[in-house]
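Residue numbers (mature numbering (1 follows the signal peptide of the UniProt record, and there is no 0)): -22 to -1, 1 to 324.
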């Protein structure tokens, strides 16, 4: 946006800004010290990862969903209040769709972003602050940082007890995954390919936040090994056939159905052996989609998938996670429906 238009927009939005209130200064993951209201009652998430993080800690503060309201299938795993929150659009990312006037009309106290913390994202946070007059905080979305992020966010939102509980849960899950990963590496790392989208021809490379939990679980991301570091990338069926992964994890049911029906896909040893599964995705994906704290569920599941943890107990672990993080305990039938396509037949 040209500087002149930004100035006009800022001036036009000034009247919508919240009146001056008592402030305290807090630090975010970038080291910036930012003034926030003493009492925070409403938070706008800049993108889906921030929305999930905020929902798991303080659902009553969530102003709305950045991408879209939850579908009926997703809503069945959320609180009724969260399921009916409006779509407010994204403030950051390639699908930047938020209307700033509509955002400010909700009288939020701050904007929260969660993910990468490099200079580009600091610049985006500063731009949001300049355009809205709201404090814009950025927290680190790296998987090992989840406990620290809960502790930091709990201080910002004045939710120390809730943050301590989530921090403890996340620490336990990460430690359990690390222990299982050591066992898996000693046995021999399975070579895993994660297929995103209905065609199954998108994946994440080495170091990608979208496939980070594969390595955290002790397995090898075959796309990362073959193509090196990077983010999301399009791949071909020829590459998949050449890599011949031990396990295939599909994000979309159409990709799973195609792999089981297409003769070329069925030539893969993993498909022939039944080592192809569907990633659970309700209310949020267990691998990414988006890459937020929902990935902790993937670290409960992958050690079971790879045979270093018993199946017994997984259903209860999933239900307990939902109860603590998503504030709604699913029925046994809901958990069974999540796990059925995510594990090969016993």
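Beta carbons: idealized from backbone N, C-alpha and C, even for Gly. Here the structure is a predicted model, which means the values were calculated and not measured.
8 Å Cβ cutoff met for residue i and residue j
i: residue 182; j: residue 209; result: yes
i: residue 194; j: residue 141; result: no
i: residue 296; j: residue 271; result: no
i: residue 308; j: residue 252; result: no
i: residue 162; j: residue 213; result: no
i: residue 34; j: residue 78; result: no
i: residue 237; j: residue 176; result: no
i: residue 22; j: residue 100; result: no
i: residue 12; j: residue 69; result: no
i: residue 63; j: residue 86; result: no
i: residue 255; j: residue 283; result: yes
i: residue 20; j: residue 121; result: no
i: residue 261; j: residue 131; result: no
Nearest to residue i (by Cα), restricted to the options the options
i: residue 66; options: 42, 141, 57; result: 42
i: residue 202; options: 194, 186, 296, 315; result: 186
i: residue 31; options: 91, 113, 241; result: 91
i: residue 119; options: 44, 104, 7, 193; result: 7
i: residue 93; options: 53, 26, 11, 77; result: 26
i: residue 292; options: 278, 300, 301; result: 278
i: residue 266; options: 190, 15, 10, 3; result: 190
i: residue 84; options: 28, 124, 48, 40; result: 40
i: residue 304; options: 20, 54, -1, 45; result: 54
i: residue 3; options: 113, 200, 124; result: 113
i: residue 289; options: 274, 317, 38; result: 317
i: residue 269; options: 231, 97, 285, 188; result: 188
i: residue 58; options: 286, 306, 97; result: 306
i: residue 16; options: 9, 10, 311, -1; result: -1
i: residue 148; options: 138, 123, 261; result: 123
i: residue 220; options: 227, 97, 245; result: 245
i: residue 222; options: 264, 157, 138, 204; result: 204
i: residue 24; options: 117, 151, 38, 157; result: 117
i: residue 96; options: 133, 14, 150, 9; result: 9
i: residue 164; options: 14, 285, 315; result: 285
i: residue 211; options: 224, 184, 227, 235; result: 184
Integer Cβ distance of residue i from residue j, believed to fall under 8 Å
i: residue 320; j: residue 258; result: 5 Å
i: residue 169; j: residue 198; result: 5 Å
i: residue 196; j: residue 160; result: 7 Å
i: residue 36; j: residue 115; result: About 14 Å; that fails the 8 Å criterion.
i: residue 29; j: residue 50; result: In fact, because the Cβ distance is near 18 Å, the residues do not count as touching under 8 Å.
i: residue 171; j: residue 200; result: 5 Å
i: residue 173; j: residue 217; result: Incorrect: roughly 11 Å between the Cβ atoms, too far for contact.
i: residue 129; j: residue 145; result: 5 Å
i: residue 287; j: residue 158; result: 6 Å
Element boundaries [alpha helix (DSSP H), containing residue i]
i: residue 151; result: 138 to 165
i: residue 232; result: 231 to 239
i: residue 80; result: 78 to 83
i: residue 34; result: 26 to 35
i: residue 301; result: 292 to 303
i: residue 38; result: Where residue 38 is concerned, there is no enclosing alpha helix (DSSP H), given that its DSSP letter is neither H nor E.
i: residue 316; result: 310 to 317
i: residue 58; result: 58 to 61
i: residue 50; result: 50 to 53
Delimiting residues of the beta strand (DSSP E) encompassing residue i
i: residue 111; result: Counting along the chain, residue 111 falls outside any beta strand (DSSP E), and DSSP gives it neither H nor E.
i: residue 355; result: It is not possible to answer for residue 355, since the shown part of the chain is limited to -22 through 324.
i: residue 5; result: 1 to 5
i: residue 23; result: 21 to 23
i: residue 15; result: 11 to 15
i: residue 88; result: 88 to 93
i: residue 282; result: First-last for residue 282: 273 to 283, but that is the alpha helix (DSSP H), not the beta strand (DSSP E).
i: residue 132; result: Unbroken run through residue 132 is the alpha helix (DSSP H), 124 to 135; no beta strand (DSSP E).
i: residue 171; result: 169 to 173
i: residue 70; result: Looking at the DSSP string, residue 70 is not in any beta strand (DSSP E), and its letter there is neither H nor E.
i: residue 181; result: 180 to 182
With a floor of 4 residues, list each alpha helix (DSSP H) that falls wholly inside the segment 198 to 230, ordered by position along the chain. Taken in chain order, the unbroken stretches of alpha helix (DSSP H) that lie wholly in the segment 198 to 230 and span 4 residues or more are 200 to 205, 215 to 221.
Could you tell me which whole alpha helix (DSSP H) segments of length 4 or greater appear in the segment 239 to 267? For the segment 239 to 267, whole alpha helix (DSSP H) runs of length 4 or above, ordered along the chain, are 241 to 244, 247 to 250.
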